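A quick write-up on the structure given underneath.
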């Protein structure tokens with residue numbers, strides 16, 4: 001190894017360094033270069049502090065900012081205090097971090113955000129979507145919950161920008177989450193959530209303590225809740241059709257915002273409002289009705305053929321009403337299925353958010369079809385329960401179909417006589433109508449007697465049309481080749497998307513369309529056979545023939561993206577209707593007997609009812625006026 005030696009240059013260098021150190025120690029003053037460097041560092045620190053202060057003018061948004069401010073940055077602290085005033089206390093607490101508090105129950109997985117104090121994630125742990133992903137009602141910032149208020153020292157603050165202090169406690173079986181926005185340990189604005197096991201309802205209280213001299217109650221204290229609803233179903237169009245904002249107001253009235261486009265409404269005395277996402281709902285309830293609520297709904301689905309994440313954007317905005325200078329608002333959150341039997345448990349009319357239909361249609365669904373289907377589904381597979389319910393309904397309505405078919409049979413027997421009347425009075429339509437009505441009345445074969453049974457069936461038809469899309473029990477229940485009776489079935493995927501049809505082939509709508517075709521062919525043929533020959537009838541006959549083919553095609557396109565349970569119902573319903581018509585025609589009705597009975601009826605005096613007498617009088621008056629006009633023309 002080479003031996004290291006000190007040369008003359010090294011000795012001179014060490015001597016100079018030693019001399020400088022002795023000189024600095026003696027004078028105890030920094031060099032001009034060091035002074036300049038210290039000044040540069042100090043300037044950078046001031047600029048950094050000013051930048052942080054500027055960022056803190058709206059809110060301190062990260063835990064690092066708070067740590068730096070609370071530990072060493074007096075300029076930043078002053079900025080926070082200048083902006084937040086008394087609420088700067090919460091901004092400087094250890095809990096002023098973007099952490100979340102997690103609570104799990106048998107049915108809900110919840111996360112509460114320190115920033116804003118609101119629910120930042122809600123999972124319905126017992127359900128999954130069409131792609132086997134857990135049902136998220138809230139996640140990844142799709143919600144905004146904020147209270148905007150003024151302070152007595154002329155500040156305007158938003159709770160969504162401020163940090164709350166979390167605390168989780170137990171009260172018996174219930175879990176209580178307290179989120180406090182503090183002015184001091186004894187002064188705060190609190191969000192209090194009480195969560196019950198195996199329950200979708202969360203009691204939610206907004207209250208303040210000791211803030212009567214902090215919050216300016218002469219200004220509105222405004223609460224704003226916004227939510228974008230996630231898509232959960234396979235069919236975007238079908239789900240979006242039944243995704244709607246519904247609310248109860250003025251002591252029990254129910255209303256809805258439009259499911260398409262954008263709709264805004266302001267209502268008074270609102271008891272609850274539901275951000276419904278077809279089979280799942282996020283509902284805000286109020287123990288005391290909210291005086292005035294502004295509601296908004298916006299349809300986010302621009303193209304139903306394109307995959308989408310969100311379907312609707314909802315918003316509810318209302319003022320909190322302080323008492324004695326303090327806030328104490330008792331509310332509630334329901335996050336759960338749009339299921340009639342679940343919603344009924346809360347006894348505040350939440351089941352009215354389900355689209356059962358209005359008037360008599362809703363009544364039929366609530367008190368007939370819902371309990372009937374629940375009973376059948378209690379011991380039968382869901383697809384079989386649909387079939388059995390359809391059979392029972394068609395059996396109960398078979399008397400109406402019999403009456404309708406009997407009326408058509410009578411008119412068919414009378415057709416030659418009705419044609420003769422029209423031919424005899426072809427130049428006098430009023431007289432022809434009088435004679436036609438007289439003959440039908442004597443024979444007991446009025447066309448109205450055939451219309452009435454059809455009208456009786458209409459409420460049932462429409463009620464069932466509303467029932468199946470709202471039946472939560474059908475969700476993800478399989479039958480035959482259908483994996484989910486609440487969504488469309490698929491037997492083939494298409495390489496392209498056909499407008500109004502879709503990118504797949506569903507079998508149940510095809511079967512329903514075939515059944516409708518044969519049913520219409522039978523009923524249309526029967527109707528044509530009963531119509532008297534008259535001018536314009538060839539065109540009418542052609543139109544009815546077109547409808548035989550057009551209606552099934554429309555059915556095929558319309559229901560390809562609808563629930564397979566609904567298509568199953570129409571398929572079975574039309575099959576049964578065809579069977580009933582065949583039985584009535586071949587085994588119950590005898591046209592010869594009907595003709596003989598009509599001849600007997602003609603000989604009997606027939607008393608007209610008030611409607612028939614009124615119509616006859618009007619027609620008689622019209623005939624007299626026509627004859628008078630003809631006589632005046634001759635003169």
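In the UniProt record's numbering, the protein residues as written are 1 to 635.
We treat Cβ as the ideally placed atom computed from N, Cα and C, and that holds for glycine.
Predicted, not measured: the structure shown is a model, and the values here were computed from it.
- Under DSSP, residue 332 forms a beta bridge with 203 and 285.
- Taking a cut-off of 8 Å for Cβ pairs, the segment 127–146 and the segment 87–97 do not touch, as fewer than three such pairs fall below it.
- Contact check between the segment 178–192 and the segment 148–164: three or more CB pairs, one atom from each, fall below 8 Å, which counts as touching.
- A contact is defined here as three or more CB-CB pairs under 8 Å, and the segment 340–348 fails this definition with respect to the segment 295–304.
- Look at residue 433 here: in three-state DSSP terms it is helix.
- Taking a 10 Å sphere around the C-beta of residue 429, we find fewer than 16 other C-beta atoms and assign the residue as exposed.
- Judged by DSSP in its simplified three-state form, residue 342 adopts helix.
- Distance from the Cα of residue 500 is smallest, within the candidate group 507, 553, 336 and 491, for 553.
- Closest option to residue 124, judged by alpha-carbon separation, among 140, 116, 130 and 106: 106.
- For residue 153 and residue 119, the gap between their C-alpha atoms comes out near 30 Å.
- By the CB criterion at 8 Å, residue 346 and residue 201 fall inside the cutoff.
- The segment 218–231 makes contact with the segment 138–151, as at least three CB pairs between them are under 8 Å.
- DSSP places residue 498 in the uninterrupted beta strand (DSSP E) bounded by 492–498.
- Taking residue 559 as the centre and dropping the five residues before and after it, the same chain places the C-beta of 509 and 567 closer than 6 Å to its C-beta, in chain order.
- DSSP places residue 362 in the helix class (H, G or I) of the three-state scheme.
- Under the 8 Å Cβ criterion, the segment 317–330 counts as touching the segment 285–294, having at least three qualifying pairs.
- Ranking 193, 85 and 158 by CA distance to the CA of residue 112 puts 193 first.
- Taking 8 Å as the upper bound for CB-CB distance, residue 382 and residue 479 are in contact here, some 6 Å apart.
- With a cutoff of 8 Å on beta-carbon distance, residue 188 and residue 331 are scored as not near each other.
- Your pair residue 505 and residue 491 checks out as a contact, with CB atoms roughly 6 Å apart and the cut at 8 Å.
- Here residue 587 is not near residue 466, since their CB atoms are 8 Å or more apart.
- Here DSSP, grouped into helix, strand and coil, assigns residue 391 to helix.
- With contacts defined as CB atoms closer than 8 Å, residue 247 and residue 272 qualify as a contacting pair.
- In its chain, beyond the 5 residues on either side, 515 have a beta carbon closer than 7 Å to the beta carbon of residue 575.
- Inclusion of residue 283 and residue 350 in the CB contact set at 8 Å is warranted, their separation being smaller than that value.
- Taking each of 208, 336 and 116 in turn and checking the Cα distance to residue 276, the smallest one comes out for 336.
- Counting of Cβ neighbours within 10 angstroms places residue 121 among the buried residues, the total reaching 16 or more.
- The residues 569, 572 and 573, in chain order, have a CB closer than 6 Å to that of residue 390 in the same chain once the five nearest residues on each side in sequence are set aside.
- Here residue 243 is not bridged, per DSSP, to any residue.
- The three-state reading of DSSP puts residue 220 in coil, since its state is none of H, G, I, E or B.
- By the C-beta density criterion, residue 564 is buried, having at least 16 other C-beta atoms within 10 angstroms.
- With contacts defined as CB atoms closer than 8 Å, residue 354 and residue 470 qualify as a contacting pair.
- If you check the CB distance, residue 249 and residue 267 come in under 8 Å.
- In the assembly as shown, residue 489 is a buried residue. Its beta-carbon has 16 or more other beta-carbons within 10 Å.
- Closest option to residue 348, judged by alpha-carbon separation, among 310, 378 and 288: 288.
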